[in-house]
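Residue numbers (my numbering): 970 to 1446.
Glycine included, C-beta positions come from ideal geometry on N, C-alpha and C.
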């Protein structure tokens, strides 16, 4: 029996329904940004309990996942009335022709290689730059001026004297923050400590401790007098928009891009804090990220539930997780032009509708597929039956009308992939340890599997790089 999702409830209403009906899951959206506080009284790392959620959270929207197909409510007014606007310079995507794929023509064979020419990225303008010069390409004087202006505004908002931070002081302040990422001490005051085993002379000689603490107290990125209550991250939005434009400006188009979720570590209480089991960072802010294979962040968007910049049409067709990727591609196309990118994503995002849409837009997609997202008519052997096959076994089928190859391969477990651009050939091998033979053996691996493994890790590589230099000074604004 297929579960369904119903929207249009507050969390309080969803909880009341849960006591009387068979509910599989309830997905909680963050509360409105205009509330005075978004903290609850539960344990911070436990995510809060039903009995101690704040009033603002109980009034927030929620999605109810039922075990049957009975409708118990309608869509919210916001979902019925809000429309999206295509980015400037982009023609409206062919959404009017999109519908759930139902007619499939299955054939055996292999996909023909997609040999579209893609221009090589040109990094010559950056090769002689120092690390400081590269940093200033992204955090330039325009962004520093924003920080200085909003810091002064916030100090006046708090009825305190204007700290009058200079451009050089702001650069020094950010430099100290970066230093705390690789030169960690128990607390920020220890960098100015009188003991020789604690004091950092570079920090000590660059800025007085009280001046650093004063800037930390008032540092701000948006005007508290003009909040955008529809945007739960309005306090960071001006900075995020400027940084995003810099990422796009200096992106040298590469053929292979990966789309995945990333977590920004955060231990405080905030309505947008998420929990993802199995991630190196379990608690924090979730970001949808589009990266190159080398880890360069091309575009991003923070998850906040009901995003005012979302596209309802994209969400309806592809879901909340995949829709931001299409929006990011639209933004890249506006600045860099349309290029035949090959996109990689995991089973949280992959679906037949998404792959067909990307193909219609001159993009290509490859991703792992969950069992319940395969077309019901797909003639591939079932996953449980395939687990009994020896390692290296594989089977494939092609949806001829939509140009999608489905491959099922046995490794340590059964892996299922779908692709519109990579096929089985050239067949490769991979070394694995055989418990039966007690030695390393060569295992057959289709080309699409190896290509996916080579290009999917860009976001994880970015996370690894960030974790090595994560700023050690914690604070909440």
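Inter-residue Cα distance where the pair is residue i and residue j
i            : j            : result
residue 1218 : residue 1224 : 17 Å
residue 1057 : residue 1303 : Low local confidence applies: a pLDDT of 45 at residue 1057 is under 50, so the model's placement there is unreliable, and no value is given.
residue 1113 : residue 1136 : 7 Å
residue 1355 : residue 1258 : 33 Å
residue 1426 : residue 1101 : 27 Å
residue 1158 : residue 1178 : 7 Å
residue 1094 : residue 1438 : 26 Å
residue 1011 : residue 1252 : Residue placement at residue 1011 is flagged as unreliable, the pLDDT there being 40, under the threshold of 50; the coordinate-derived value follows with that caveat. Rounded to whole angstroms, residue 1011 to residue 1252 spans 15 Å at the Cα level.
residue 1097 : residue 1287 : 43 Å
residue 1357 : residue 1345 : 22 Å
residue 1198 : residue 1353 : 49 Å
residue 1140 : residue 1083 : 47 Å
residue 1261 : residue 1118 : 34 Å
residue 1244 : residue 1174 : 40 Å
residue 1091 : residue 1204 : 35 Å
residue 1329 : residue 1089 : 23 Å
residue 1405 : residue 1104 : 53 Å
residue 1172 : residue 1318 : 45 Å
residue 1163 : residue 1424 : 49 Å
residue 1264 : residue 1085 : 23 Å
residue 1184 : residue 1106 : 23 Å
residue 1285 : residue 1326 : 13 Å
residue 1403 : residue 1377 : 20 Å
residue 1343 : residue 1350 : 12 Å
Residue j beta carbon less than 8 Å from that of residue i
i            : j            : result
residue 1116 : residue 1190 : yes
residue 1395 : residue 1416 : yes
residue 1389 : residue 1227 : no
residue 1121 : residue 1131 : yes
residue 1365 : residue 1375 : yes
residue 1073 : residue 1368 : yes
residue 1348 : residue 1379 : no
residue 1079 : residue 1392 : yes
residue 1298 : residue 1216 : no
residue 1193 : residue 1126 : yes
residue 1307 : residue 1331 : yes
residue 1283 : residue 1290 : no
residue 1269 : residue 1213 : yes
residue 1220 : residue 1123 : no
residue 1195 : residue 1169 : no
residue 1296 : residue 1315 : no
residue 1176 : residue 1147 : no
residue 1249 : residue 1305 : no
Limits of the alpha helix (DSSP H) - the one that residue i falls within
i            : result
residue 1216 : 1206 to 1218
residue 1438 : First-last for residue 1438: undefined, no H or E at that position.
residue 1336 : No alpha helix (DSSP H) holds residue 1336; the beta strand (DSSP E) holding it covers 1333 to 1337.
residue 1170 : 1170 to 1175
residue 1296 : 1292 to 1305
residue 1420 : 1416 to 1424
residue 1379 : Segment 1373 to 1379 is the beta strand (DSSP E) holding residue 1379; no alpha helix (DSSP H) there.
residue 1104 : 1100 to 1107
residue 1322 : 1321 to 1329
residue 1259 : Note, residue 1259: premise wrong, no alpha helix (DSSP H); beta strand (DSSP E) at 1252 to 1261.
residue 1140 : 1136 to 1151
residue 1182 : 1178 to 1187
residue 1286 : 1281 to 1287
Nonlocal neighbours in the same chain, by C-beta distance under 6 Å from residue i, ignoring five residues either side
i            : result
residue 1149 : 1440, 1441 and 1442
residue 1432 : 1231
Close beta carbons around residue i, own chain, < 7 Å, minus the five adjacent residues each side
i            : result
residue 1421 : 1313, 1335 and 1386
residue 1202 : 1241, 1271 and 1273
residue 1154 : 1160 and 1167
residue 1399 : 1412 and 1414
residue 1233 : 1253, 1254 and 1256
residue 1324 : 1334, 1373, 1387 and 1389
residue 1310 : 1224, 1226 and 1332
Per-residue DSSP class, three states only, for residue i
i            : result
residue 1368 : strand
residue 1113 : helix
residue 1363 : strand
residue 1231 : strand
residue 1343 : coil
residue 1226 : strand
residue 1431 : helix
residue 1203 : coil
residue 1157 : helix
Segment limits, beta strand (DSSP E) that includes residue i
i            : result
residue 1268 : 1266 to 1271
residue 1402 : 1397 to 1403
residue 1235 : It is not in any beta strand (DSSP E) - residue 1235 carries neither H nor E in the DSSP assignment.
residue 1387 : 1383 to 1388
residue 1243 : 1242 to 1244
residue 1311 : 1311 to 1314
Short CB-CB distance (under 8 Å) between residue i and chain B
i            : result
residue 1294 : This model lacks chain B altogether; it includes just one protein chain.
8 Å CB neighbourhood of residue i in its chain, flanking five on each side removed
i            : result
residue 1340 : 1352 and 1385
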